[in-house]
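*Asks:* Numbering (the numbering used here), first residue to last: 13 to 164.
For every residue, glycine included, the Cβ atom is placed at its ideal position computed from N, Cα and C.
1) Between the C-alpha atoms of residue 19 and residue 53, what's the straight-line distance to the nearest angstrom?
2) Classify residue 62 as buried or exposed, calling it buried when 16 or more other Cβ atoms lie within 10 Å of its own Cβ.
3) Bridge partners for residue 78 per DSSP, in chain order?
4) What is the DSSP secondary structure of residue 153, reduced to helix, strand or coil?
5) Less than 6 Å between C-beta atoms, sequence neighbours within five positions excluded: which residues of the same chain meet that for residue 113?
6) Of all the options 126, 26, 149, which has the alpha carbon lying nearest to the alpha carbon of residue 89?
7) Taking the beta carbon of residue 81 as the centre, do at least 16 other beta carbons fall within 10 Å, making it buried, or is it exposed?
8) Using 10 angstroms around the beta-carbon of residue 92, count the other beta-carbons present and answer buried if the total reaches 16, otherwise exposed.
9) If you follow the beta strand (DSSP E) that residue 99 is in, where does it begin and where does it stop?
10) Short of 8 Å in beta carbon distance, which residues of its chain neighbour residue 16, apart from the five on each side in sequence? Order them along the chain.
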């Protein structure tokens, strides 16, 4: 993100606020959340979260300046925010399994992670046992195939 000086047509910021890592062109690797610059407006201030460096920036829309607020905001589960809202308590970064409340000075006030639901332990053990059984069936079939090939 950058601000263009209308008089000269030149970018105002030397270092623009960047979104996610460069896309390699593989459609399977594309994750839209990693390339979005989530933003929210409050008065003359534009708040932007950059997934590139996991930082929150404050852009003064009148002065045309920006500054990083606080340090890196890392979400658990290697997630990136999908939305951002302004609330009385601060800025809220929203991800499928994370909620982060950040004060307007960039300090994380609250961070909550909701892990994905898992199958019950017994059911996971049965699935693992079934995978071992399938592997043994495959090994036995391979051994029979080798023995049949040698007998021919």
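*Replies:* Answer, in terms of the structure:
1) As a position in the chain shown, residue 19 is number 7, starting the count at 1. As a position in the chain shown, residue 53 is number 41, starting the count at 1. Going by the C-alpha atoms only, they are around 25 Å apart.
2) Residue mapping note: residue 62 aligns to position 50 of the chain shown, counting from 1. So residue 62 ends up on the buried side.
3) In the chain shown, counting from the first residue as 1, residue 78 sits at position 66. Bridge partners of residue 78: 71.
4) Numbered from its first residue, the chain shown carries residue 153 at position 141. Helix, per DSSP.
5) Mapped onto the chain shown, residue 113 falls at position 101. For residue 113, where only same-chain residues beyond five positions count, the Cβ hits under 6 Å are 101, 102, 104, 121, 122.
6) Here residue 89 refers to the residue found at position 77 when the chain shown is read from its first residue. Here the closest residue by C-alpha is 126.
7) Translated into the one-based positions of the chain shown, residue 81 becomes position 69. Label assigned to residue 81: buried.
8) Within the chain shown, numbered from 1, the residue matching residue 92 stands at position 80. Residue 92 should be labelled buried.
9) Here the question's residue 99 lines up with position 87 in the chain shown. Start and end: 95-99.
10) Residue numbering aside, residue 16 sits at position 4 when the chain shown is read from its first letter. Cβ within range, chain order: 22, 23, 24.
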